[in-house]
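Notes for the one structure printed next.
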Amino acid sequence: MEAVAHVEVEPAFLTQAEVAVLLGVPERTLEGWRLTKSGPPWLKFGRHVKYDRVDVLVWAREQRRG
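Position 60 of the sequence shown, counted from 1, bears residue number 60 in the UniProt record's numbering, the numbering being contiguous throughout.
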């Protein structure tokens with residue numbers, strides 16, 4: 001019998017609350033960014049807003065200045 005390694009897999013899609021924590025901003029800021037189309041790309045699944053983890057990280061890196 002072979003041993004199977006346990007690997008933690010991060011979810012591909014994040015909630016607004018998770019993105020707010022990741023970026024260190026209030027959830028209301030994300031809501032404002034969605035309205036002005038100035039924040040990270042987002043998707044809508046029915047009534048649920050989700051963010052692709054990779055898109056959020058790429059967007060955050062692009063915001064760096066200096």
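We treat Cβ as the ideally placed atom computed from N, Cα and C, and that holds for glycine.
Count the other C-beta atoms from every protein chain shown that fall within 10 angstroms of the C-beta of residue i, then say buried if there are 16 or more, exposed otherwise.
i: V7; result: exposed
i: P11; result: exposed
i: V9; result: exposed
i: G39; result: buried
If we cut at 8 angstroms on Cβ distances, does residue i have a partner in chain B?
i: R53; result: The chain labelled as chain B is not found in the depicted structure, where only one protein chain is given.
Give me the Cβ distance between residue i and residue j, rounded to the nearest whole Å; I'm assuming they're in contact under 8 angstroms.
i: V21; j: L30; result: About 11 angstroms; that fails the 8 angstroms criterion.
i: V49; j: W42; result: 6 angstroms
* Counting only runs that start and end within the UniProt domain "Helix-turn-helix" (13 to 64), where is the beta strand (DSSP E) found for 3 or more residues in a row? -> 43 to 45 and 48 to 52
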